[in-house]
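Structure first, commentary second.
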Amino acid sequence: MKENENDFSPGWKHGAVCTVKGKAEPLDSARNPGQFDYRAYMTDKGIHAQILINDEAALQCEGESWTSHLYDTRKQLKLTVKDRVHPGTYIWMEALIFGDTGLIDASTVEWFRAFNLSHILAISGLHVGLTLGGTYFLLYRTGLATKKQSKLFLLLLLPFYMFISGGAPSVMRAGVMGVLLIFTSSFQKKIPLTDILSFTCLFLLVSSPSYFYHLGFQFSFLVTFSLLLTIPILKQYESKWMQSAVIGMVSQLSLLALQIHYFYEFQPFSLWMNMIAVPYFSFFVIPFLMILFILSLLVPALCSVLSRAFAIVHESVLSFLIALSKYLDYPWVIGELPPIYIVVYICFFLVVMRNWELKKNVKAFTASLAVVFVLVFYSSTPYFSKEGVVTMLDVGQGDSFVIELPYRKGVVMIDAAGPPIFTTNKEKTAKEVILPYLQ
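Note that the sequence shown covers residues 1 to 439 in the UniProt record's numbering.
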């Protein structure tokens, strides 16, 4: 499998019919608790096997579909922009405009994930909303177009934006919602936003049922639905900073149970980083990159100068944020949260939000303590277990044992299973097997 679309043969086009000569084999599955299950991941996408070939001659592709021309146009557009902006700036344009984080340093991506900032890198409602709002303001508020003309332009812009940004589930959700909002804004009877969101969810699941297993789909709809129901609470506060804090807290709490279920840990102080990073990216980075994208097509010389300045400023700010986060880096490793705990967590969370909306602050605070107690109780269960556990991990070549003493008096690891001498990735066993199991 190629890691980059540019690695494919130029003769292979989207929609081509291919003849393959090779050996069909099942996909690798997880052999240890916590390990990424590649077979289950691909099964959710409707892929159940792989064909191994010895060379490219065993794969012959002919023809193409009409979408191939669209992909060629997108590829050419990316190359044009890349040639006209500073390399340090293009890395972020590739991520925040074209929807590909492959150029961002792996340690930086991990920092975004660790502090629950991945939603900034994943193009979603934030990016679509800023694009629609900025374009509407430019067209209507400046008098360049009427309200009707501005809406028509946005309807034409949305499909184009969804295409160039890669069409991820979060983008599709925001894009379809944007189209529905524009259409229904002229109706005499106002349609609730939750109904529009529900219809969008149903539409995407009918068109592609595999979206249901996509983490971006689950997180995007869950946090959006939660924020829509939080609007009455937001109206209780006049301060923009308080509203921003409420939005950040609700966004994290609504996803927290699922996040722990999938990733086994979270950063308790990530809310503070969100309150700093989200406004910075929302009101400076993303709008400025949008402007640079347009200038790269219209005024390349000016774009080159501005993109160089952006790269210097952004690198300094990001370095400052990463340095600041070191003082807030206290991850809470909880483990894979079972479904019953997720249900209990959600029930208490709903009680918190309901009482908060009714301004019953004492009851809301009491329920919030119960929310935290669910996580604390699950984290504490090993310390009350009188049984010890011995686990032998499947690390391929070598042995690796993890011994958990009763009442969690100690965890002993025997033979950490160094990497095989023939492997090029010396950290693969630790990152893909041992560390996920320990978490």
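Every residue, glycine too, gets a C-beta built ideally from N, C-alpha and C.
In this text, all values refer to a predicted model and were calculated from it rather than measured experimentally.
Could you compute how far the alpha carbon of residue i sits from the alpha carbon of residue j?
i	j	result
R74	I164	6 Å
Y237	G248	14 Å
Y211	V128	19 Å
A16	E64	4 Å
P233	T366	For the record, residue 233 in the displayed sequence is Ile; it is not Pro. Approximately 18 Å between the Cα atoms of the pair.
A277	L96	14 Å
T43	V81	36 Å
Q60	H48	21 Å
A69	G134	Per the sequence presented here, residue 69 reads as His, with Ala not at that position. Those two C-alpha atoms are separated by around 29 Å.
L337	H314	37 Å
V171	M162	6 Å
L321	L117	12 Å
V352	S368	6 Å
T108	I53	35 Å
L253	V333	16 Å
S282	L132	13 Å
V20	I51	8 Å
V376	D72	52 Å
K13	Q76	14 Å
R173	S198	10 Å
K359	S379	31 Å
V411	M275	37 Å
D55	R113	37 Å
N361	P33	41 Å
H119	P169	13 Å
F349	P339	15 Å
I231	I312	38 Å
E25	R39	11 Å
T101	E110	11 Å
F203	G46	19 Å
I346	K363	16 Å
E3	M290	Because E3 sits at a pLDDT of 43, beneath the cut-off of 50, its placement in the model cannot be relied upon, and the following sentence gives the value as read from the coordinates. So the alpha carbons of these two residues sit roughly 27 Å apart.
G175	F219	16 Å
Grab me the residues of residue i's own chain with a C-beta within less than 6 Å of its C-beta, minus the 5 sequence neighbours each way, in chain order.
i	result
S307	V85, H86, T89 and L292
R31	D394
C201	F221
D399	D415
T184	I191
G335	Y264
G166	G99
E427	none
Going by DSSP, which residues form a beta bridge with residue i?
i	result
T19	Q60
L276	Note that residue 276 corresponds to Ile in the displayed sequence, not to Leu. DSSP output for I276 lists no bridge partner at all.
M413	V402
W332	F266
Please check the pair residue i and residue j, which I expect to be a contact at CB under 8 Å, by giving their CB distance rounded to whole angstroms.
i	j	result
F382	R354	Contrary to the premise, residue 382 reads as Pro rather than Phe in this sequence. Not confirmed; about 33 Å, so no contact.
F115	Q267	5 Å
A122	G22	The Cβ separation is near 34 Å, so there is no contact.
V395	I403	Not quite, the Cβ-Cβ distance comes to about 16 Å (not below 8 Å), so this is no contact.
V250	L271	Wrong, their Cβ atoms sit about 10 Å apart, outside the cutoff.
F225	T194	7 Å
Step through the CB atoms of chain B and report whether any lies within less than 8 Å of the CB of residue i.
i	result
I120	This model lacks chain B altogether, as it is built from one protein chain only.
If I measure Cβ to Cβ from residue i and keep anything under 8 Å in the same chain, skipping five residues before and after, which residues do I get?
i	result
C303	R84, V85, L292, L295 and S296
I342	A257, L258 and H261
residue 441	The first residue shown for the chain is 1 and the last is 439, placing residue 441 beyond what the model contains.
A145	L139 and F153
S244	M275, V278 and P279
L405	G388, V411 and V412
L103	Y90, I91, E94 and A95
Looking only at its chain, what residues have a beta carbon closer than 7 Å to the beta carbon of residue i, apart from the 5 residues adjacent to it on each side?
i	result
T179	Note that residue 179 is Val in the sequence shown, not Thr. The residues are L155 and L158.
L438	none
K182	For clarity, residue 182 is Ile in the given sequence; the question names Lys instead. So the qualifying residues of the chain are K151, L154 and L155.
Y280	V317
P300	R84
A323	none
V223	S251, S254 and L255
C18	L59, Q60 and C61
K386	P406 and Y407
What I want to know is whether the C-beta of residue i ends up closer than 7 Å to one or more non-hydrogen atoms of the ligand GDP.
i	result
F269	This structure does not include the ligand GDP; it has no bound ligands of any sort.
Write down every uninterrupted run of the alpha helix (DSSP H) in the region 225-300 whose length is 4 residues or greater and which is fully enclosed by it, in chain order.
-> Inside the region 225-300, DSSP marks whole alpha helix (DSSP H) runs of 4 or more residues at positions 231-234, 240-263, 270-280 and 286-298, from first to last along the chain.
Give, in chain order, every unbroken run of the alpha helix (DSSP H) that is at least 4 residues long and sits entirely within the region 22-100.
-> With a minimum length of 4 residues, the continuous alpha helix (DSSP H) runs that stay inside the region 22-100 are 38-43, 67-84 and 87-96.
Unbroken alpha helix (DSSP H) runs of length 4 or more, entirely within the region 352-402: which are they?
-> Counting only runs of 4 or more residues that sit fully inside the region 352-402, the alpha helix (DSSP H) segments are 361-380, in chain order.
Run through the region 140-218 for me and flag every whole alpha helix (DSSP H) of 4 or more residues, listed as ranges in chain order.
-> Segments of the alpha helix (DSSP H) lying fully in the region 140-218: 147-164, 169-184 and 193-207.
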